[in-house]
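Enquirer:
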Amino acid sequence: MIDAYIRPLIDPVLNAQGRVLARWGVTADAVTLTGLVLGLGAAAVIALGAPGWALLPLLASRLADGLDGAVARASHGSDFGGYLDIVCDFLFYGAVPVGFVWLDPVANGAAGAFLLCSFYFNGASFLGYAILAEKHEMKTDARGVKSLYFTGGLLEGFETIAFFVALCLWPGWFAPLAWVFGALCFVTGASRLLLARRVFEGVKGE
41 MIDAYIRPLI DPVLNAQGRV LARWGVTADA VTLTGLVLGL GAAAVIALGA
91 PGWALLPLLA SRLADGLDGA VARASHGSDF GGYLDIVCDF LFYGAVPVGF
141 VWLDPVANGA AGAFLLCSFY FNGASFLGYA ILAEKHEMKT DARGVKSLYF
191 TGGLLEGFET IAFFVALCLW PGWFAPLAWV FGALCFVTGA SRLLLARRVF
241 EGVKGE
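Quick note, our numbering runs 40 ahead of the 1-based positions in the sequence shown.
This is the structure in structure tokens:
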């Protein structure tokens with residue numbers, strides 16, 4: 041919801057760091073994969089019973105997620121790099137709830153399954169919209185320069201990371217927080233469906 045407002049604040053810093061990394065020969069794909077390893081490590085730390093300690097690799101992984109695009113813009117980005125980035129993002133977003141389910145399957149299992157289902161639906165609405173937007177040559181840089189078309193929504197990247205941080209700080213609240221956040225994800229996905237209907241209905245497909 042607020043990603044478009046914070047991008048102008050963080051992009052200059054990320055772009056400056058990205059130019060430094062590019063001069064050092066670091067590739068965007070390497071940064072993306074480093075972020076994934078850190079994110080999966082955070083999920084593993086959660087599953088092993090130390091959610092508080094997971095905050096450091098979790099936040100570091102999101103820093104890497106911001107830096108990979110900056111490195112790509114400072115060097116030679118590719119369509120594959122954008123594809124790799126979104127795949128790694130979705131794996132990370134799924135891994136963190138799984139970590140909490142493994143931490144306490146009895147208390148967190150049902151809420152975790154609901155949360156993952158909401159992520160699945162929300163992700164499908166996002167990617168489907170991006171495919172149609174590309175087909176119709178729609179462009180936006182409101183959320184930074186991306187390989188895919190990023191639509192807005194009630195919950196976006198910032199809100200999801202804030203949610204994960206809250207879970208790590210208060211793991212005993214996972215179930216109620218997951219039910220609420222999952223419900224809001226369904227609202228986000230449904231609103232994107234309505235937007236797609238308004239934009240694309242009546243537009244002849246091929």
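C-beta: ideal position from N, C-alpha, C; glycine also.
Tell me the residue span of the alpha helix (DSSP H) that contains Gly79.
Expert: Within the sequence shown, residue 79 is the residue found at index 39, counting from 1. 68-87 is the span of the alpha helix (DSSP H), which, as asked, contains Gly79.
Enquirer: Where does Pro211 land, buried or exposed, given buried means 16+ other C-beta within 10 angstroms?
Expert: The sequence position of residue 211 within the sequence shown is 171, counting from 1. Pro211 comes out buried.
Enquirer: In chain order, what are the residue ranges of uninterrupted beta strand (DSSP E) at least 3 long that sit wholly in the segment 94-179?
Expert: DSSP runs (the beta strand (DSSP E)) wholly in the segment 94-179: none.
Enquirer: So, Phe132 versus Leu76, is the Cβ gap smaller than 8 Å?
Expert: Position 92 of the sequence shown, counting from 1, holds the residue named residue 132. Position 36 of the sequence shown, counting from 1, holds the residue named residue 76. For Phe132 and Leu76, yes; Cβs fall inside 8 Å.
Enquirer: Nearest by alpha-carbon distance to Leu80: which of Gly134, Val60, Gly222 is it?
Expert: As a working mapping, residue 80 is identified with position 40 in the sequence shown. Looking at the Cα atoms, Gly134 is the closest of the given residues.
Enquirer: Buried or exposed: which applies to Leu145, given that a residue is buried once 16 or more other Cβ atoms fall within 10 Å of its Cβ?
Expert: Counting from one through the sequence shown, the residue named residue 145 turns up at place 105. Note that residue 145 is Pro in the sequence shown, not Leu. That one is exposed.
Enquirer: Rounded to whole angstroms, what is the Cα-Cα separation between Ala56 and Ile171?
Expert: The residue labelled residue 56 in the question sits at position 16 within the sequence shown. The residue labelled residue 171 in the question sits at position 131 within the sequence shown. If I take the Cα positions, the gap works out to 31 Å.
Enquirer: First and last residue of the alpha helix (DSSP H) that includes Gly212?
Expert: Here residue 212 is taken as the residue at index 172 of the sequence shown, counted from 1. Careful: Gly212 lies outside any alpha helix (DSSP H) and carries neither H nor E.
Enquirer: With 16 as the cutoff for other CB atoms within 10 Å, does Ala223 come out buried or exposed?
Expert: Your numbering for residue 223 matches position 183 in the sequence shown. With fewer than 16 Cβ atoms within 10 Å of its Cβ, Ala223 is classed as exposed.
Enquirer: Exposed or buried, what is Asp119 when buried is set at 16 or more other beta-carbons lying within 10 Å of its beta-carbon?
Expert: Within the sequence shown, numbered from 1, the residue matching residue 119 stands at position 79. Exposed, since its Cβ has fewer than 16 Cβ neighbours within 10 Å.
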